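Per the working numbering, the very first residue in the sequence shown carries number 602; after that it's consecutive.
Each residue gets a CB set at the ideal place from its N, CA and C atoms; glycine is no exception.
Everything numeric in this text was worked out from a predicted model, so none of it was measured.
Right, one structure below, let's go through it.
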Amino acid sequence: MEIQRKTKVIDGVCPDSIPWQSLMEDCQPVVLKGLARNWALCRAGKKSAQEAINYLKSFHNGKTVSAYQGAPDIKGKYFYNKDISGLNFDNHRILLDQVLDRIGEYLENDNPPSIYVGSTTLDACLPGLRAENDLVFDDPMFESGAPLTSIWIGNRSIASAHYDAPNNLACCVAGKRRFTLFPPDQIDNLYPGPLEPTPGGQAVSMVDFSNPDFDQYPRFREALASAQVADLEPGDAVFYPSLWWHQVEAFSPFNVLINYWWSTSPQYLGTPMNVLYHALMSLRDRPEHERAGWKHIFDYYIFGDPERPRAHLPAHAEGALGKMDDMKVRQLRAMLLHKLNR
602 MEIQRKTKVI DGVCPDSIPW QSLMEDCQPV VLKGLARNWA LCRAGKKSAQ EAINYLKSFH
662 NGKTVSAYQG APDIKGKYFY NKDISGLNFD NHRILLDQVL DRIGEYLEND NPPSIYVGST
722 TLDACLPGLR AENDLVFDDP MFESGAPLTS IWIGNRSIAS AHYDAPNNLA CCVAGKRRFT
782 LFPPDQIDNL YPGPLEPTPG GQAVSMVDFS NPDFDQYPRF REALASAQVA DLEPGDAVFY
842 PSLWWHQVEA FSPFNVLINY WWSTSPQYLG TPMNVLYHAL MSLRDRPEHE RAGWKHIFDY
902 YIFGDPERPR AHLPAHAEGA LGKMDDMKVR QLRAMLLHKL NR
């Protein structure tokens, strides 16, 4: 499977001159070439994988991390077993320096066991590392809080296509990576798997991108027409907006990615995934005419102009239709909990 469309590339962006506003306004994936090339960890990795491992170990604070471990035959693809009754890897808590040592043991092995530390809060396990390896978040959209910074470490791996709720800026610090990206409207053509359990938290595409079965997944051809690929060298970064689907492949014997997640929505707002679960519970299995009616209701109250449902009401009567704030969210949450627990 070869995708011709390449993600737009911008050269010459420095950690203190990221064009945050244009990234958010364009709302499209962009590769920021060489953004992290001067990071100390990136320089160490360009010398050797072992140099990068030693550099990371110098910051380890003795805490354990969640580590995925799979047999050599999974080839780094953390996924389901053959009958989708479970996952094809184990997940253990282990000291980070032990994970790094184990990866180091297999640097020259062409068929190593798969070892992976995914989405671990950077400051919790490697305090101080960001002093020489970080970006500058001086845009007004970060005034209410800096992004969540995570680190991903492993040998060769494939994270099947999935989406995340926040916006993402991912820096390839050691090893080479490929992001295969799809806009949110391709969900139907990507054939998502179970909502739980999942290999990494979000539902993943069940299509094997390396050998797609178009008889079983015929609409995947339509997804490919909208796909784009971002190939990253050490020091490169890729931005992609909230809810974009992305498969991530790491190609080297040792790979490190540091990423930044953020949302421009107020922190007090609820989690949309909870709405989906509630809708599955209360709406999906109703008769078709009821679901059609509820779709109109949701379009009116949720997906349409937020001013319209309250435009004909005095301010004191708006209630939950008024603009959300922290107090109103607390009141709605308490009401929902009361109703759900009855």
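For residue j and residue i, the rounded distance between their alpha carbons
i: Arg694; j: Pro915; result: 55 Å
i: Asp814; j: Val808; result: 7 Å
i: His661; j: Ala826; result: 44 Å
i: Asp927; j: Ser720; result: 28 Å
i: Asn692; j: Gly802; result: 13 Å
i: Leu941; j: Phe855; result: 47 Å
i: Val737; j: Pro748; result: 11 Å
i: Tyr764; j: Ala880; result: 19 Å
i: Glu891; j: Ser758; result: 44 Å
i: Ile898; j: Leu938; result: 22 Å
i: Glu709; j: Leu624; result: 39 Å
i: Pro907; j: Leu770; result: 30 Å
i: Ser883; j: Asp816; result: 33 Å
i: Arg644; j: Ser659; result: 15 Å
i: Lys896; j: Ala637; result: 45 Å
i: Arg778; j: Ser649; result: 17 Å
Residue i and residue j closer than 8 Å at C-beta
i: Lys607; j: Gln829; result: yes
i: Pro714; j: Gln670; result: yes
i: Asp832; j: Gly635; result: no
i: Lys664; j: Ala725; result: yes
i: Gly646; j: Pro835; result: yes
i: Asp740; j: Gln868; result: no
i: Val839; j: Pro620; result: no
i: Leu730; j: Leu701; result: no
i: Thr865; j: Met742; result: yes
i: Pro923; j: Arg931; result: It should be noted that the sequence gives Gly, not Pro, for residue 923. Not a contact, by the Cβ cut-off of 8 Å.
i: Ala760; j: Tyr707; result: no
i: Asn734; j: Ala641; result: yes
i: Ala766; j: Val805; result: no
i: Leu727; j: Thr750; result: no
i: Leu870; j: Met936; result: no
i: Leu933; j: Ala918; result: no
Per-residue DSSP class, three states only, for residue i
i: Gly705; result: helix
i: Ala912; result: coil
i: Pro888; result: coil
i: Ile859; result: strand
i: Tyr869; result: coil
i: Cys615; result: coil
i: Tyr792; result: coil
i: Glu950; result: Lying before the first or after the last residue shown, residue 950 is absent from the chain, which here runs from 602 to 943.
i: Ile898; result: helix
i: Asn942; result: coil
i: Arg694; result: strand
i: Ala921; result: helix
i: Asp832; result: strand
i: Trp621; result: helix
i: Glu850; result: strand
i: Ile604; result: coil
i: Arg778; result: strand
i: Ile716; result: strand
i: Leu636; result: coil
i: Leu688; result: strand
i: His661; result: coil
i: Gly755; result: strand
Among the options, nearest to residue i - alpha-carbon criterion
i: Gly746; options: Trp863, Asn662 and Ile604; result: Trp863
i: Asp674; options: Phe660, Asn689 and His917; result: Asn689
i: Pro819; options: Glu891, Val839, Phe738 and Leu791; result: Leu791
i: Ala851; options: Gly677, Ile898 and Glu603; result: Gly677
i: Asp612; options: Val632, Met742 and Ala912; result: Val632
i: Tyr717; options: Pro800, Lys896, Val610 and Pro907; result: Pro800
i: Asp627; options: Leu933, Gly894 and Asn768; result: Asn768
i: Lys609; options: Ala921, Tyr841 and His897; result: Tyr841
i: Ile788; options: Arg822, Leu770, Arg779 and Ser758; result: Arg822
i: Glu603; options: Ser811, Val614, Ala668 and Asn655; result: Ser811
i: Ala668; options: Arg703, Asn655 and Asn875; result: Arg703
i: Ala653; options: Ser853, Gln817 and Val666; result: Ser853
Min CB distance residue i to chain D below 8 Å
i: Thr665; result: No chain D is part of this structure, which consists of one protein chain only.
Assess contact between the stretch 857-873 and the stretch 765-785, defined as three or more Cβ pairs (one per stretch) separated by less than 8 Å. Is contact present? Between the stretch 857-873 and the stretch 765-785 there are three or more inter-stretch CB-CB distances shorter than 8 Å, so the stretches are counted as touching.
Touching by the beta-carbon criterion (3+ pairs, under 8 Å), the stretch 782-799 and the stretch 833-849: Using a C-beta cut-off of 8 Å, the stretch 782-799 makes contact with the stretch 833-849, since at least three inter-stretch Cβ pairs fall below that distance.
Using 8 Å as the cut-off, can you tell me whether the stretch 739-755 makes contact with the stretch 696-710, which would need three or more C-beta pairs spanning the two stretches below that distance? Enough Cβ pairs lie closer than 8 Å, so yes.
The stretch 680-691 in contact with the stretch 793-804 per 3-pair CB rule at 8 Å: The answer is yes - the stretch 793-804 touches the stretch 680-691, with three or more Cβ pairs under 8 Å.
Would the stretch 902-913 and the stretch 884-891 be scored as touching if the rule is three or more Cβ pairs under 8 Å? The stretch 902-913, when compared against the stretch 884-891, does not touch it at the 8 Å Cβ threshold.
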